[in-house]
Amino acid sequence: MRGPIVKAMRKSKRLEPPATIYELADYARPVLSLCNSMGEGWLLTAEMIELIHTGTPNIVCTQPFACLPNHVTGKGVIKELRRLNPESNIVAVDYDPGASEVNQLNRIKLMISIAKSNFEKS
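In the numbering used here, the protein residues as written are 1 to 122.
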């Protein structure tokens with residue numbers, strides 16, 4: 001189903017097609033094992049790296065209710081992604097019954113504040 005969209009994006013002068021699954025695997029390989037298949041496993045990490053490589057270093061990594069593997073993988077790689085990509089600005093936000101809405105919003109606002117500060121410096 002993605003084929004026609006990717007084909008049109010390749011013809012576009014304004015849009016870039018998304019990375020292939022093989023390119024995504026290559027992005028994730030230096031950070032974690034591709035055997036990590038729980039939750040979104042290595043794909044979550046690969047997609048964050050793709051965003052950074054394509055000029056989108058400001059990322060809100062949302063953790064859905066009750067997805068412990070996604071929670072562990074998402075939060076577990078952020079420090080390494082920041083080390084490898086100092087321009088990255090990543091925040092993990094948990095969406096579950098125990099998470100405070102105020103805390104969620106504050107974390108996102110802080111990320112936006114850092115993004116604005118980084119933009120002004122560049």
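We treat Cβ as the ideally placed atom computed from N, Cα and C, and that holds for glycine.
It should be emphasised that the depicted structure is a prediction, and the values quoted were computed from it without experimental measurement.
The alpha-carbon of Glu23 is positioned some 12 Å away from that of His53. In the three-state scheme derived from DSSP, where H, G and I count as helix and E and B as strand, Val60 is classed as strand. The alpha-carbon separation between Lys109 and Glu120 amounts to approximately 17 Å.
For Asp26, the uninterrupted alpha helix (DSSP H) segment begins and ends at Ile21 to Ala28. In the pairwise beta carbon analysis, the stretch 99-106 is classified as not touching the stretch 68-78: fewer than three pairs are separated by under 8 Å. Contact holds between the stretch 44-61 and the stretch 28-36, because three or more Cβ pairs, one in each stretch, are under 8 Å apart.
Distance from the CA of Met111 to the CA of Pro86, rounded to the nearest whole angstrom, comes to 14 Å.
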